[in-house]
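Notes follow the structure.
There are 4 protein chains.
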Amino acid sequence: MIDCGIIGATGYAGAELLRLLSSHPEVGGLSLSSVSFEGDAMERVYPNFLASLKRPGVSGRLVNQDAVVEASDIVFSCLPHGLAEKAAAECLAAGKVFIDISADFRFGDDEETFKAWYGKSWTNKAVHAASVYGLPELNRALIAKAKVIGNPGCYPTSAALGLLPALKLGLAQTDRIIIDAASGVTGAGREPSKTTHYPECADGYTPYKIGEHRHTPEIIRTLSGIAGTEVNAIFTPHLAPMNRGIVSTIYFGLAKPATLAELHEAYLHFYSGEPFVRVLPEGMVSSNRYVKFSNYCDISLHMAHDGKTAIIVSSIDNMVKGAAGQAVQNMNIALGFNETSGLTMIPPAF
Amino acid sequence: MIDCGIIGATGYAGAELLRLLSSHPEVGGLSLSSVSFEGDAMERVYPNFLASLKRPGVSGRLVNQDAVVEASDIVFSCLPHGLAEKAAAECLAAGKVFIDISADFRFGDDEETFKAWYGKSWTNKAVHAASVYGLPELNRALIAKAKVIGNPGCYPTSAALGLLPALKLGLAQTDRIIIDAASGVTGAGREPSKTTHYPECADGYTPYKIGEHRHTPEIIRTLSGIAGTEVNAIFTPHLAPMNRGIVSTIYFGLAKPATLAELHEAYLHFYSGEPFVRVLPEGMVSSNRYVKFSNYCDISLHMAHDGKTAIIVSSIDNMVKGAAGQAVQNMNIALGFNETSGLTMIPPAF
Amino acid sequence: MIDCGIIGATGYAGAELLRLLSSHPEVGGLSLSSVSFEGDAMERVYPNFLASLKRPGVSGRLVNQDAVVEASDIVFSCLPHGLAEKAAAECLAAGKVFIDISADFRFGDDEETFKAWYGKSWTNKAVHAASVYGLPELNRALIAKAKVIGNPGCYPTSAALGLLPALKLGLAQTDRIIIDAASGVTGAGREPSKTTHYPECADGYTPYKIGEHRHTPEIIRTLSGIAGTEVNAIFTPHLAPMNRGIVSTIYFGLAKPATLAELHEAYLHFYSGEPFVRVLPEGMVSSNRYVKFSNYCDISLHMAHDGKTAIIVSSIDNMVKGAAGQAVQNMNIALGFNETSGLTMIPPAF
Amino acid sequence: MIDCGIIGATGYAGAELLRLLSSHPEVGGLSLSSVSFEGDAMERVYPNFLASLKRPGVSGRLVNQDAVVEASDIVFSCLPHGLAEKAAAECLAAGKVFIDISADFRFGDDEETFKAWYGKSWTNKAVHAASVYGLPELNRALIAKAKVIGNPGCYPTSAALGLLPALKLGLAQTDRIIIDAASGVTGAGREPSKTTHYPECADGYTPYKIGEHRHTPEIIRTLSGIAGTEVNAIFTPHLAPMNRGIVSTIYFGLAKPATLAELHEAYLHFYSGEPFVRVLPEGMVSSNRYVKFSNYCDISLHMAHDGKTAIIVSSIDNMVKGAAGQAVQNMNIALGFNETSGLTMIPPAF
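For the protein sequence lines, the chains are A, B, C and D, in the order given.
Reminder that position 321 of the first sequence reads as 320 in numbering that gives the first Met the number 0, one-by-one numbering, no gaps.
Reminder that position 254 of the second sequence reads as 253 in numbering that gives the first Met the number 0, one-by-one numbering, no gaps.
Reminder that position 163 of the third sequence reads as 162 in numbering that gives the first Met the number 0, one-by-one numbering, no gaps.
Reminder that position 172 of the fourth sequence reads as 171 in numbering that gives the first Met the number 0, one-by-one numbering, no gaps.
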């Protein structure tokens, strides 16, 4: 049994992590920090937790960051971008595993890109140099040895898993890959704003940050790394009136002629050992509906009528495989647990 | 480890039961029947189950009812009203536990009421006479010895738990208790209809079957049994544009003067040993939001400005405490398992 | 043709008023004020108005309050509670009609009640003394002569219209009338907050301010005025996951025995001349779905199974009959226009 | 004043047409037919129309198709695909204008394509030869002289208006134009089905009929006609959890280098005389939210980070500009009315 800590526990990713870790068979103590709610009980901030956090080592009390780092064998950070470096360095020094949900460790040692898109510089470059991009289907071996793990963004997870076999196997043209994606509103986090005000997003479907969303460089970096060449990926996010889920509809030109059956077979084979990627049977279509509350990524494959353009639909729950669930998966790998521990929940039918 | 069977597995209650039983620590084999989909795989009917039903004793294949009864130590029936008698009798004869999700065994030996509201007669009255109404907070001791259990309706569960302490303790006037309740659309089941067609219920809030909903006699029977006198409960259901949840706002006149604090204390004390009833702290308001996907019933207490009318809000997930979860709770009691086995899921924050 | 002004035009009520007045056949000029957006164009705040505010006398430019009062023959105020007195006094002095959407003029000369519930005192009591409560079905003759009109609240409109015939005709017991009401989220206005954050209210149905909502004294005052005796009305609002609409389910004991048909006939007769109240045929149930975007109030009548408790369902669009539409109706009456001018829109089917 | 008829009035397009025509200043009589509901009153099928269809020449009674054709100067047909030919021929013979909402007259004289995608042959080829594709922004002059008008599909309207200037002006590469579109559920019509059952589509975003949707040939035909060369358009529809609206996110390679400002200027200029196309100011993003209930098509222009791929967002209300509103616009043109008559409604802010 290990003791886990969550820094910034009162954001949506923190609350979801707490829910998952609470039923993880290898987790003992759980400590939580919050700047805004320090001293309060988590169940007052999120009433769903009422009566559910009662067990040895779990008080549900929100303390400060230092107390969490001190008390934990592994630390999950759910702070806003740019604030994870200090705790990461402390964990690294103490030999603890640190998993960051923000973008701070998604760019390896490429400070320039981070700075260009997130507007912040790095102080402790060594921590970044030691970090691993936590997409298990791509970097499992590295994650197993990592101490600092940058948990991927939700859109990049969906896009990368949808394209990983095609790019690895050289099936896709790398110019003008279109990633048209829809996200539920929890992706915007817990802070109210005009765009997430119920009357302003219910019954509406709206693209946003076209050509300038911060997940763009992460997607391009990941896809280019997979392909071994610079990929021109064009990514457009949309806000959809739903709580959870990301559905990416991905278009690419075939690098060489292939039938849908061949494409399907290639994906099935590529992902045959992956516990959380489901390549759907031909004829079924991927949707966020069937992965909600689970760590699955569902992928369906289709061919455009022109016979030369593939269409891949890749769906995840943005809060699970796109955030907290993938973080737990990374923990499982890094600590040598069964990779599916604490992640065996079946998505509900409705 | 026991083997469980679900008859009528492809309805919503069946799909939810399958999800819950799949992660129940005491459950081994799982067999499923369906009239409409016999021979198909459950994961083709509900793609959320893809790759999730792989384990010894679980094939996910839909067979016929007899095969399910034969293979199981305990049988859950999710058939439409009026069809459970045969399997119940077979289980009773074979010493197996039978838990019925329909209304067939909610009226004990009172065939007249059942006939008046459901339009069907009984053939095997002995099975009905042997049955127990499966509301654990009311009938736990009886359930522990029962072989045929009638799982309560969703609205009646919410209403009965909201009123149980008040009626047992003589705090409420029994004339004109108003139960104004809203339900999510899953309560209508899986069969498409005009009233559940998305464009006809999205963005709308609509009462239905006012004064004539079939849960009325069940509510009155249960409340009257609790009070020891005939209760005049007026129940109005509404369809709300959401998937899961029932919220009952209940009004009754105080039988004797009491403060809100006294009422609160009485409820807290009454439910202090119940694992699934959460009496909320004063100042918090019960909502379906905080109980979704869990077996909790959340109750909040309020006083009208007139100081003589109590307002109780009682919320459940209609598919869990209102159906499949309560059925699992009944199984746990009837088979002597820990009552919370397989039901420890924490409701998600969003 | 008259010139209209809207003070506080960038709130939801203001935006809805602008939409209605823009197609009103008797309206010429339209001027708009906003504190937060002074100097901006309305179509930048609400892009739905793009290209739609182009006509003589309508610039869509947001100016200050004084300029609006100066330019207008009639002024609608959509300011927060407590801020309407100054403009009302100016209009009264200048012989202009002033219609206030806030609660400031809903209590006649009863400053004490206003102060108790809204926490503010009055400076200019004469303006209040001159004001009329703008519920046309109750006060049409007074409104026709009024210069200062307090537009009713949304919940009170729905409740009062549902009970007006019963109380006027002495059909209802006046103790413990239950008004259980659900509102769409636009009722909370345009300011984002945690309770109106999409992930916090989607898929949820939640009571709020139980026993303490500010519409309570307005409801009691109006109903008591109708009944000619103090009415004990218990009002519980709920937030429902939808944009528009209020549905009030109202319960009262019959003052004397009556059949549903008699009740129905009484309501039909009472409202036979009202252009905006539709008493539904027996067997139909009132819902916000059928009144959206219109000025209708739909009323359906039902009887509880006990035969002595009536159930009335009264539905309106909270932004139209519950705010902007009723304000236009009041304008029509006060200025001698056809009462339905600018309000003939048919609610959409979906 | 003219008399209008609606054949198949009880489908969603028919109900929307009735709503629009009821407030059209040039429309006198209105007659309605329905096969399923012949003899009933429209307001019993759609309670929103209660008390709203009372005027000379409008009974709201559903009669048969022949009676509608007989009574009308202009006939709108809202029948399922393949059934409009008879009434069209009758109107043509009688010199009446016929506007068809189905796909029957969207393919001119190209029976082969219609047959390939809709599986039906034509009997009366002359009617088809006489028909005009009713996209006013493309074919206004032809529509003005037409007697048989094929009203465009909803997706094709959105796609064509988003691409019309780019293709006409030679700004877009014509190979692999991606049209990724989301539609509200009213697009599926009034017939309940599993995919439109509330619990199956709420909170979900799901692509469907990928590579095989019937609007594909209509889109390709229209775009190719505009471009004067065969266009390879790849169209993927998605079902979004909302009632109204289509949002198409369109990607194409620039045929020659251009800045976003140049593209924007070209679109602004191209559409400067169009009453129903709003090219949004730079920086704003098109959404269905701002066009709902109106006949507007909102277009916003964007550039991908690669500087060589344009992204166009084109939004309409699928039931208005995508169906009933465009049909009224076509009527206005064909009968010489002001093109915006009956279509001046401003979209609501929420």
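Cβ coordinates follow ideal geometry from the N, Cα and C atoms, glycine included.
It should be emphasised that the depicted structure is a prediction, and the values quoted were computed from it without experimental measurement.
**Prompt:** Any contact of the segment 108-116 of chain B with the segment 284-294 of chain B, i.e. 3+ C-beta pairs under 8 Å?
**Reply:** no
**Message:** What would DSSP say about residue 80(C), mapped onto helix, strand or coil?
**Reply:** The residue labelled residue 80(C) in the question sits at position 81 within the third sequence. Of the three classes helix, strand and coil, the one that applies to residue 80(C) here is coil, per DSSP.
**Prompt:** Quick one, are the C-beta atoms of residue 139(D) and residue 233(D) less than 8 Å apart?
**Reply:** Within the fourth sequence, residue 139(D) is the residue found at index 140, counting from 1. Within the fourth sequence, residue 233(D) is the residue found at index 234, counting from 1. No, Cβ-Cβ distance for residue 139(D) and residue 233(D) is not below 8 Å.
**Item:** Against chain B: residues of the segment 235-246 of chain A by CB proximity under 7 Å
**Value:** 242
**Item:** Those residues which DSSP pairs with residue 296(B) across a bridge
**Value:** Within the second sequence, numbered from 1, the residue matching residue 296(B) stands at position 297. BP columns for residue 296(B) point to 276(B), 315(B).
**Request:** Could you confirm whether any beta carbon from chain A is found closer than 8 Å to the beta carbon of residue 266(D)?
**Result:** Position 267 of the fourth sequence, counting from 1, holds the residue named residue 266(D). Not one chain A Cβ lies under 8 Å of residue 266(D).
**Against chain B: residues of the segment 0-27 of chain A by CB proximity under 8 Å** = Interface annotation for the segment 0-27 of chain A against chain B: 11, 14, 15, 18, 21, 22, criterion Cβ-Cβ distance under 8 Å.
**Item:** Interface flag, residue 206(B) vs chain D, CB-CB below 8 Å
**Value:** Translated into positions along the second sequence, residue 206(B) becomes position 207. Not one chain D Cβ lies under 8 Å of residue 206(B).
**Item:** Entirely enclosed alpha helix (DSSP H) segments - the segment 71-140 of chain B, minimum 4 residues
**Value:** 84-93, 110-117, 124-128
**Request:** May I ask you to report which of helix, strand or coil DSSP gives residue 197(A)?
**Result:** Taking the first residue of the first sequence as position 1, residue 197(A) is located at position 198. Helix at residue 197(A).
**Within chain C, the residues that residue 193(A) reaches when beta carbons sit closer than 7 Å** = Translated into the one-based positions of the first sequence, residue 193(A) becomes position 194. Within 7 Å Cβ-Cβ: 191.
**Backbone CA spacing between residue 95(D) and residue 72(D) [nearest angstrom]** = Working through the fourth sequence from its first residue, we reach residue 95(D) at position 96. Working through the fourth sequence from its first residue, we reach residue 72(D) at position 73. Residue 95(D) and residue 72(D): Cα-Cα distance of roughly 6 Å.
**Prompt:** Just the Cα atoms here: how many angstroms apart are residue 341(D) and residue 82(D)?
**Reply:** Along the fourth sequence, read from residue 1 onward, the residue named residue 341(D) stands at position 342. Along the fourth sequence, read from residue 1 onward, the residue named residue 82(D) stands at position 83. Rounded to the nearest angstrom, the two C-alpha atoms are 28 Å apart.
**Request:** Find the nearest neighbour of residue 201(A) within the set 158(A), 62(A), 242(A), 147(A), judged by alpha-carbon distance.
**Result:** Here the question's residue 201(A) lines up with position 202 in the first sequence. Scanning 158(A), 62(A), 242(A), 147(A) for the CA closest to the CA of residue 201(A) turns up 242(A).
**Asked** Are three or more beta carbon pairs between the segment 164-182 of chain C and the segment 240-254 of chain C nearer than 8 Å?
**Response** yes
**Asked** Alpha carbon to alpha carbon, how far is residue 16(A) from residue 317(D)?
**Response** Taking the first sequence and counting its residues from 1, one reaches residue 16(A) at position 17. Taking the fourth sequence and counting its residues from 1, one reaches residue 317(D) at position 318. C-alpha separation (whole angstroms): 40 Å.
**Item:** Limits of the beta strand (DSSP E) - the one that residue 236(D) falls within
**Value:** Taking the fourth sequence and counting its residues from 1, the one referred to as residue 236(D) is at position 237. 232-238 is the span of the beta strand (DSSP E), which, as asked, contains residue 236(D).
**Prompt:** Which residues in the same chain have their Cβ closer than 7 Å to the Cβ of residue 339(C), if we skip the five residues on either side of it in sequence?
**Reply:** Residue 339(C) sits at position 340 when you count from the first residue of the third sequence. Once the five neighbours on either side are set aside, the close Cβ partners of residue 339(C) are 274.
**Message:** Closest to residue 102(B) by C-alpha separation, out of 235(B), 296(B), 93(B), 114(B), would be which residue?
**Reply:** As a working note, residue 102(B) is residue 103 in the second sequence. For residue 102(B), the nearest C-alpha among the options comes from 114(B).
**Message:** For residue 144(A) and residue 123(A), I'd like the C-alpha separation in whole angstroms.
**Reply:** Here residue 144(A) refers to the residue found at position 145 when the first sequence is read from its first residue. Here residue 123(A) refers to the residue found at position 124 when the first sequence is read from its first residue. Residue 144(A) and residue 123(A): Cα-Cα distance of roughly 20 Å.
**Prompt:** Can you find a CB in chain B that lies within less than 8 Å of the CB of residue 45(A)?
**Reply:** If you number the first sequence from 1, residue 45(A) lands on position 46. True, the Cβ-Cβ gap to chain B drops below 8 Å.
**Candidates 331(D), 325(D), 346(D), 332(D): closest to residue 152(D) by CA position** = Looking up residue 152(D) in the fourth sequence gives position 153. Ranking 331(D), 325(D), 346(D), 332(D) by Cα distance to residue 152(D) puts 325(D) first.
**Prompt:** How long is the line joining the alpha carbons of residue 343(C) and residue 319(C), rounded to whole angstroms?
**Reply:** The residue given as residue 343(C) occupies position 344 in the third sequence. The residue given as residue 319(C) occupies position 320 in the third sequence. About 12 Å.
**Asked** Using 8 Å as the limit for Cβ to Cβ distance, is residue 349(D) near chain A?
**Response** Working through the fourth sequence from its first residue, we reach residue 349(D) at position 350. By this cut-off, residue 349(D) is an interface position.
**Asked** For residue 7(D), does the count of other Cβ atoms within 10 angstroms reach 16, so buried, or fall short, so exposed?
**Response** Counted from its first residue, the fourth sequence places residue 7(D) at position 8. Buried.
**Prompt:** Taking contact to mean at least 3 C-beta pairs separated by less than 8 Å, is the segment 30-38 of chain B in contact with the segment 55-62 of chain B?
**Reply:** yes
**Cβ of residue 248(A) within 8 Å of any chain D Cβ** = Along the first sequence, one-based indexing puts residue 248(A) at 249. True, the Cβ-Cβ gap to chain D drops below 8 Å.
**Request:** Determine the direct distance from the alpha carbon of residue 42(B) to that of residue 53(B), and round the result to whole angstroms.
**Result:** Numbered from its first residue, the second sequence carries residue 53(B) at position 54. Numbered from its first residue, the second sequence carries residue 42(B) at position 43. Cα-Cα distance, rounded: 11 Å.
**Message:** Distance check for residue 216(C) and residue 314(C), CA to CA, integer angstroms please.
**Reply:** Stepping through the third sequence from its first residue, residue 314(C) is reached at position 315. Stepping through the third sequence from its first residue, residue 216(C) is reached at position 217. Cα to Cα, residue 314(C) sits roughly 20 Å from residue 216(C).
**Prompt:** The alpha helix (DSSP H) with residue 44(B) in it runs from where to where?
**Reply:** By one-based count along the second sequence, residue 44(B) stands at place 45. 41-44 is the span of the alpha helix (DSSP H), which, as asked, contains residue 44(B).
**Prompt:** Out of curiosity, what's the CA-to-CA distance linking residue 150(C) and residue 133(C)?
**Reply:** Within the third sequence, the letter at position 151 stands for residue 150(C). Within the third sequence, the letter at position 134 stands for residue 133(C). About 5 Å.
**Asked** When the cut-off is 8 Å and only beta carbons count, does residue 345(A) lie next to chain B?
**Response** Position 346 of the first sequence, counted from the start, is the residue given in the question as residue 345(A). For residue 345(A), the answer is yes, since a Cβ of chain B falls inside 8 Å of its Cβ.
**Asked** Is residue 258(B) buried or exposed, if buried means 16 or more other CB atoms sit within 10 Å of its CB?
**Response** The residue given as residue 258(B) occupies position 259 in the second sequence. When all chains shown are included, residue 258(B) counts as exposed.
**Request:** Give the residues from the segment 165-177 of chain A that approach chain D closer than 8 Å (Cβ to any Cβ), ordered along the chain.
**Result:** 175, 177
**Request:** Report the residue from 286(A), 297(A), 121(A), 117(A) whose alpha carbon sits nearest the alpha carbon of residue 211(A).
**Result:** Sequence index remark: in the first sequence, residue 211(A) carries index 212 (1-based). Taking only the C-alpha atoms, the option nearest residue 211(A) is 117(A).
**Request:** Consult DSSP for residue 65(C) and reduce its assignment to one of helix, strand or coil.
**Result:** Within the third sequence, numbered from 1, the residue matching residue 65(C) stands at position 66. Correct three-state label for residue 65(C): helix.
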